[in-house]
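Q:
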């Protein structure tokens, strides 16, 4: 392969059909942001939208806005837009609460839909909150169900007739490895288990076809590739065929069939609304809607093609310019097996990432030794990869990471 | 009693030590807003604060803001401020999720702290989401615990040795009736049960002394008297003495002792942080902080004194000007037994409320026949009561409510 040049990459940017999307986001000059897999950037339109919700809808409309601005329908409205991004149908997705809370709702409902089965299956090293929520459910039910995990190469073995539910994250937060959703879902169904996908690192990043693979349930995050803002609401998906039977224990009034009848008895709403719990957070959900609107207007096939190419070029540049500095590729080399990130291991990973951040190049670090670089095709440029790798090569060549201020441990989500 | 006059009320406004607070809120000229018990008004400072969080903290700070703007500590920081309003100590309150989700966490934890006891006690007509969440818990546990309700005059009878938990709303959303927190809490403790108070209609409205009455748990709402914005996060309180034993099943990563160690095993944080679940909603929690700051800076004794007087004067004005129009007082006449609202029943309540709203006087309606008027001493003026009652008298005298457009049923939370 001919060595890559910055000019060649600049030409790719010029020819990039997605390049106009970058204008829709706030991106400071000189910043290279490779952390959209953790916290997405601010859509310019979100500033005006949030101000409008605060000043006009809340400030002036006050209580009337539940009707006049249809705050009531907001979780379903944004959910329906999101559905188009993840291969679901209208009426199958709502935006609400956090990913963690939504996972509890769905996992709790699922174990009740498979009475007598005693296992929930996941993998070690799944995103922590997924394992923690499943442990919370397990502990709360006092041993009625237990969480069993196995590394992905042995997962299919432990999915058996005693399995009520399989919970997996489609794209792994740390390695970027992507599961074959169709195969795993089929394996779960083969033994009569239900399948729940966490799409936190997939929604808006890679094509997802929930209904094509016959997924039963899904949850996901609004603040990563969907650019919904820090701590944006999560979402949940329940396949239409399960909705009549689906009952979740967080049965708050917004999931009631007629909340404003103020009756004493919970009657679940028809359809996906029964996945709601408390009063909708209007500010945060409105901000998320802006990000979802942008994502829904982009061509997912183009996003995926660019994402694969960004990853491939990044790996090639690392081999050209950073070979011999002790980096190991953690993510799959084969683009088809990766999500929209590339992770590297390095024993000085923490300090190296701090040195990059000091140069205004932002990725993130995951203990014990992983540097993560997320590629967000709507705003990552090909030349960003060049500039980033050149900076990294300099940092390594000069030992620039080896400073006391780069070695303290700080928390970054 | 000498008949009240508008001048006399205007003099009360002039002498009102709280009158300067009104300037802190957005209130359109001519609007009389008596619905702060449902959705509080917009603090002027919240506009700038939300814009700052969106533009500077999210837009510019991006992922770095978890550290640089200490987003990590936000739920505890706002919780500690809120603690001062409800008679709790620092380290006993966090802001997170919705009231409904928080109630589930605490009720689920509580039943596990009283193993073998099979009852949760509440009252019929409690705020619907409270009953719904408890029903959700009951259904999920398959009869292991059951919800038993009795009208408040017979409540003490059904609180017995089989009771794990008593869940009551301090100020009733519909009638405004206020429980004697000390007496009910003592009754629950007498039989070894735990006591959980819903403070949704109390926090920022009436003095609450959680620790003085030895309450075990509490939840509440951020969008009413705390002026946190539509669907603002709720809060939860766990008394210090229970925190070591307290384990809640929504054990998401933000409740972990060290979330960013990304370990596979949930270890609850020390203290109140274990009440957290998913990633903090930064926009909404930041907006709520503004409302809490204002409330924490006000003198609760002055708020309560004005609130009582507003209610008393409203009742007196109704008797002076609206006797004979078929209104019945639903709230206690005795101010000491009322929260910060007065409710009236009228068979044409819905249409009458619509007629008031058409005159820019906003209270709300609760099925089947209740008109609610919330008094928010930080921005309700005495003359507002005069103007509102005069308007109501005219509406009744002229039959102004009797129009087709005032009779459709719309949903208002």
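Chains as they are written, first to last, in our numbering: chain A, 1001 to 1413; chain B, 1001 to 1413. Cβ coordinates follow ideal geometry from the N, Cα and C atoms, glycine included. Keep in mind that this is a model prediction, so the values were computed, not measured.
#1: Please list, in chain order, the chain A residues whose beta carbon lies closer than 8 Å to that of residue 1366(B).
#2: Would a check of beta-carbon distances place residue 1259(A) closer than 9 Å to chain B?
#3: Starting from residue 1044(B), follow the alpha helix (DSSP H) in both directions and report where the run begins and ends.
#4: Work out the CA separation of residue 1343(A) and residue 1260(B) for me, nearest whole Å.
#5: May I have a chain-ordered list of the alpha helix (DSSP H) segments no shorter than 4 residues that lie completely inside the stretch 1222-1266 of chain A?
#6: Return no unless some Cβ of chain B is closer than 9 Å to the Cβ of residue 1403(A).
#7: Suppose contacts are defined by Cβ-Cβ distances below 9 Å. Is residue 1230(A) in contact with residue 1065(B) by that definition?
#8: List the residues that DSSP assigns as beta-bridge partners of residue 1370(A).
#9: Name the DSSP beta bridge partners of residue 1426(A), please?
#10: Could you spell out the range, first to last residue, of the alpha helix (DSSP H) harbouring residue 1015(B)?
#11: At which residues does the alpha helix (DSSP H) containing residue 1286(B) begin and terminate?
#12: Among 1005(A), 1017(A) and 1036(A), which residue has its Cα nearest to the Cα of residue 1228(A)?
#13: Against chain A, which members of the stretch 1128-1154 of chain B pass a CB distance test of less than 8 Å?
#14: The beta strand (DSSP E) that contains residue 1187(B), what's its start and end?
#15: Output needed for residue 1290(A): all residues of its chain with C-beta closer than 7 Å, excluding positions within five of it in sequence on either side, in chain order.
#16: Taking all protein chains shown into account, do 16 or more other C-beta atoms lie within 10 angstroms of the C-beta of residue 1380(A), making it buried, or fewer, making it exposed?
#17: Could you tell me the alpha carbon to alpha carbon distance between residue 1412(B) and residue 1126(B), rounded to whole angstroms?
#18: Check whether the Cβ atoms of residue 1203(A) and residue 1082(A) sit closer than 9 Å, and answer yes or no.
#19: Can you list, in chain order, the residues of its chain with a C-beta nearer than 6 Å to that of residue 1377(A)? Leave out the 5 residues immediately preceding and following it.
#20: Name the residue from 1389(A), 1248(A), 1368(A) and 1398(A) whose alpha carbon lies nearest to the alpha carbon of residue 1134(B).
#21: Would you grab the beta carbon distance between residue 1137(A) and residue 1104(A) for me? Rounded to a whole angstrom, and I think it's under 8 Å.
#22: Closer than 8 Å, Cβ to Cβ, to anything on chain A: give me those residues from the stretch 1320-1353 of chain B, in chain order.
#23: Which residues, taken in chain order from the stretch 1022-1037 of chain B, show a beta carbon closer than 7 Å to some beta carbon of chain A?
#24: In terms of alpha-carbon separation, which member of 1169(B), 1187(B) and 1263(B) lies closest to residue 1179(B)?
#25: Do you know offhand how far residue 1123(B)'s Cα is from residue 1173(B)'s?
#26: Cβ-heavy atom distance between residue 1090(B) and the ligand ADP below 8 Å?
#27: With burial defined as no fewer than 16 other Cβ atoms inside 10 Å of the residue's Cβ, what is the status of residue 1297(B): buried or exposed?
#28: Out of 1403(A), 1293(A), 1078(A) and 1222(A), which one is the CA nearest neighbour of residue 1090(A)?
#29: In its own chain, which residues sit with a C-beta less than 7 Å from the C-beta of residue 1317(A), not counting the 5 before and 5 after it?
#30: List the residues of chain A that residue 1180(B) touches, going by C-beta distances under 9 Å, in chain order.
#31: Please report the straight-line C-alpha distance between residue 1272(B) and residue 1234(B), rounded to a whole angstrom.
#32: If contacts are defined as beta-carbon pairs under 8 Å, then residue 1345(B) and residue 1328(B) qualify, I think. What distance do you get, rounded to the angstrom?
#33: Does residue 1248(B) come within less than 9 Å of chain A when only Cβ atoms are used?
#34: DSSP on residue 1389(A), reduced to helix/strand/coil?
#35: With a 10 Å radius around its C-beta and 16 neighbouring C-beta atoms as the bar for buried, classify residue 1270(A) as buried or exposed.
#36: Would residue 1092(B) be called buried (16 or more neighbouring beta carbons within 10 Å of its own) or exposed?
A: Taking the definition as stated:
#1: Counted from its first residue, the second chain places residue 1366(B) at position 366. Going along chain A in sequence order, the residues near residue 1366(B) (Cβ under 8 Å) are 1262.
#2: Indexing the first chain from 1 puts residue 1259(A) at position 259. Yes, its Cβ sits closer than 9 Å to a Cβ of chain B.
#3: Your numbering for residue 1044(B) matches position 44 in the second chain. Its alpha helix (DSSP H) spans residues 1044-1052.
#4: Taking the second chain and counting its residues from 1, one reaches residue 1260(B) at position 260. Taking the first chain and counting its residues from 1, one reaches residue 1343(A) at position 343. The straight-line gap from Cα to Cα measures roughly 17 Å.
#5: 1240-1243
#6: Against the first chain, residue 1403(A) aligns to sequence position 403. Residue 1403(A) does not count as touching chain B.
#7: Numbered from its first residue, the first chain carries residue 1230(A) at position 230. Numbered from its first residue, the second chain carries residue 1065(B) at position 65. Result yes, Cβ atoms of residue 1230(A) and residue 1065(B) sit closer than 9 Å.
#8: Translated into positions along the first chain, residue 1370(A) becomes position 370. Paired residues: 1345(A) and 1366(A).
#9: Outside the shown range of chain A (1001 to 1413) lies residue 1426(A), about which nothing can therefore be said.
#10: Counted from its first residue, the second chain places residue 1015(B) at position 15. First-last for residue 1015(B): undefined, no H or E at that position.
#11: By 1-based counting over the second chain, the position of residue 1286(B) is 286. It spans 1282-1297 - the alpha helix (DSSP H) in which residue 1286(B) sits, taken as one unbroken run.
#12: Indexing the first chain from 1 puts residue 1228(A) at position 228. For residue 1228(A), the nearest C-alpha among the options comes from 1036(A).
#13: 1128, 1129, 1131, 1132, 1133, 1135, 1136, 1137, 1139, 1140 and 1149
#14: Against the second chain, residue 1187(B) aligns to sequence position 187. Per DSSP, residue 1187(B) belongs to no beta strand (DSSP E); it is in the alpha helix (DSSP H), 1181-1190.
#15: Mapped onto the first chain, residue 1290(A) falls at position 290. Correct list, in chain order: 1043, 1045, 1046 and 1049.
#16: Here residue 1380(A) corresponds to residue number 380 of the first chain, with the count starting at 1. The residue in question, residue 1380(A), is buried, as its Cβ has 16 or more Cβ neighbours within 10 Å.
#17: Sequence index remark: in the second chain, residue 1412(B) carries index 412 (1-based). Sequence index remark: in the second chain, residue 1126(B) carries index 126 (1-based). With a pLDDT of only 48 at residue 1412(B), under the threshold of 50, the placement of this residue in the model should not be trusted, and no figure is reported.
#18: Taking the first residue of the first chain as 1, we reach residue 1203(A) at position 203. Taking the first residue of the first chain as 1, we reach residue 1082(A) at position 82. For residue 1203(A) and residue 1082(A), yes; Cβs fall inside 9 Å.
#19: Taking the first chain and counting its residues from 1, one reaches residue 1377(A) at position 377. 1018, 1303, 1306 and 1307.
#20: Translated into positions along the second chain, residue 1134(B) becomes position 134. It is 1248(A).
#21: Indexing the first chain from 1 puts residue 1137(A) at position 137. Indexing the first chain from 1 puts residue 1104(A) at position 104. About 7 Å separates the two Cβ atoms, so the contact holds.
#22: none
#23: 1026, 1028, 1033 and 1035
#24: Counting from one through the second chain, the residue named residue 1179(B) turns up at place 179. The option with the nearest alpha carbon to residue 1179(B) is 1169(B).
#25: Here residue 1123(B) corresponds to residue number 123 of the second chain, with the count starting at 1. Here residue 1173(B) corresponds to residue number 173 of the second chain, with the count starting at 1. So the alpha carbons of these two residues sit roughly 13 Å apart.
#26: Ligands displayed in this structure: none; no statement on the ligand ADP is therefore possible.
#27: For this step, residue 1297(B) is matched to residue 297 along the second chain. Answer is exposed; the Cβ neighbour count stays below 16.
#28: Mapped onto the first chain, residue 1090(A) falls at position 90. Among 1403(A), 1293(A), 1078(A) and 1222(A), the Cα nearest to that of residue 1090(A) is on 1078(A).
#29: Here residue 1317(A) refers to the residue found at position 317 when the first chain is read from its first residue. Cβ neighbours of residue 1317(A) beyond the five flanking positions: 1004, 1385, 1386 and 1389.
#30: Residue mapping note: residue 1180(B) aligns to position 180 of the second chain, counting from 1. Near residue 1180(B) there are no residues of chain A at all, since even the closest Cβ is about 23 Å away, more than 9 Å.
#31: Looking up residue 1272(B) in the second chain gives position 272. Looking up residue 1234(B) in the second chain gives position 234. Using only the alpha carbons, I get a separation of about 14 Å.
#32: For the purposes of this step, residue 1345(B) is taken as residue 345 along the second chain, with counting starting at 1. For the purposes of this step, residue 1328(B) is taken as residue 328 along the second chain, with counting starting at 1. Confirmed, about 4 Å.
#33: Within the second chain, the letter at position 248 stands for residue 1248(B). Residue 1248(B) counts as touching chain A.
#34: One-based indexing of the first chain puts residue 1389(A) at position 389. DSSP places residue 1389(A) in helix when its eight states are reduced to three.
#35: Position 270 of the first chain, counted from the start, is the residue given in the question as residue 1270(A). Residue 1270(A) should be labelled exposed.
#36: Within the second chain, the letter at position 92 stands for residue 1092(B). Its Cβ being crowded by 16 or more others within 10 Å, residue 1092(B) is buried.
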